[in-house]
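See below for the structure under consideration.
Numbering (our numbering), first residue to last: 247 to 507.
In structure tokens, the structure reads:
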């Protein structure tokens, strides 16, 4: 008995398994795109647009079957600081510069140089970014505004917990905290006790569905994601003046280099 192994070409889908795998990635990426966009300080619709571009355009043009083209939480902190410092219109210029640098690096085959970086450095960086995102989004979970910086967000977490467990007059912090905790509990419970017949359904998608359904049925007066009627209206296309000004601005050029790395 002989067994044939067929390798799928990059950019094409083959068979039912590939289709199901694509659906799972889509269901995971959908809430992730929204969440990372919010954590990055940009409209949620931009997260959807980024996911579409990464999945369709980048996926069809890539030359590797093992690629990462989805939302990256590690860039959320950098994007947030860039938007706060230079505005959302300049973000497109920064991404354009970063993309050009990465294209040139790929042509020159400079990727091997990154093998010199220790995995401990990468893991430490990701852990630090995770702490910063957690400290910021903890306040968002209770319908409160993040503080001025990472340290301030960390130090004010006890205050956010107090707002979440102690209802105050004219406040919805405790209601938002209830939905947030329910969402977290759904993810943990689904990942540990989900039926085998539904193993393909990702926990974050179930959590978003459960949290949204509870908030809708109970008509909770908590903040909701504002998505425009037309996703095209959220496109952030830099003007010619913004583009030319960014290409000669040393700060923008440096941010483009940082994003590329």
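Ideal Cβ placement from N, Cα and C applies to all residues, glycine included.
What you are looking at is a predicted structure, and each value in this text was computed from that prediction instead of being measured.
Extent of the continuous alpha helix (DSSP H) to which residue i belongs
i           : result
residue 413 : Residue 413 -> no alpha helix (DSSP H), and no H or E assigned at all.
residue 491 : 486 to 493
residue 294 : 290 to 298
residue 477 : Careful: residue 477 lies outside any alpha helix (DSSP H) and carries neither H nor E.
residue 331 : 322 to 332
residue 498 : 496 to 506
Whether residue i touches residue j by CB criterion (9 Å)
i           : j           : result
residue 325 : residue 375 : no
residue 336 : residue 492 : yes
residue 300 : residue 281 : no
residue 425 : residue 291 : no
residue 339 : residue 498 : yes
residue 449 : residue 341 : no
residue 447 : residue 278 : no
residue 471 : residue 461 : no
residue 377 : residue 398 : no
residue 366 : residue 329 : no
residue 451 : residue 276 : yes
residue 431 : residue 400 : no
residue 383 : residue 298 : no
Whole-Å CB distance - residue i paired with residue j, under 8 Å assumed
i           : j           : result
residue 506 : residue 347 : 4 Å
residue 409 : residue 388 : 6 Å
Under 8 Å, with one C-beta from each stretch per pair, do the stretch 417 to 431 and the stretch 397 to 405 reach the 3-pair mark? The stretch 417 to 431 makes no contact with the stretch 397 to 405; the number of CB pairs closer than 8 Å stays below 3.
Are the stretch 450 to 460 and the stretch 431 to 439 touching by the rule of at least three beta carbon pairs closer than 8 Å? Below 8 Å, enough C-beta pairs join the stretch 450 to 460 and the stretch 431 to 439 to call them touching: three or more.
Threshold first: 4 residues or longer. Then list the alpha helix (DSSP H) segments lying entirely within the stretch 418 to 471, N to C. Within the stretch 418 to 471, the complete alpha helix (DSSP H) runs of at least 4 residues are 419 to 439 and 449 to 463.
4 or more residues per run - each alpha helix (DSSP H) lying fully within the stretch 354 to 402: Within the stretch 354 to 402, the runs of alpha helix (DSSP H) at least 4 residues long that lie entirely inside it are, in chain order, 365 to 387 and 396 to 401.
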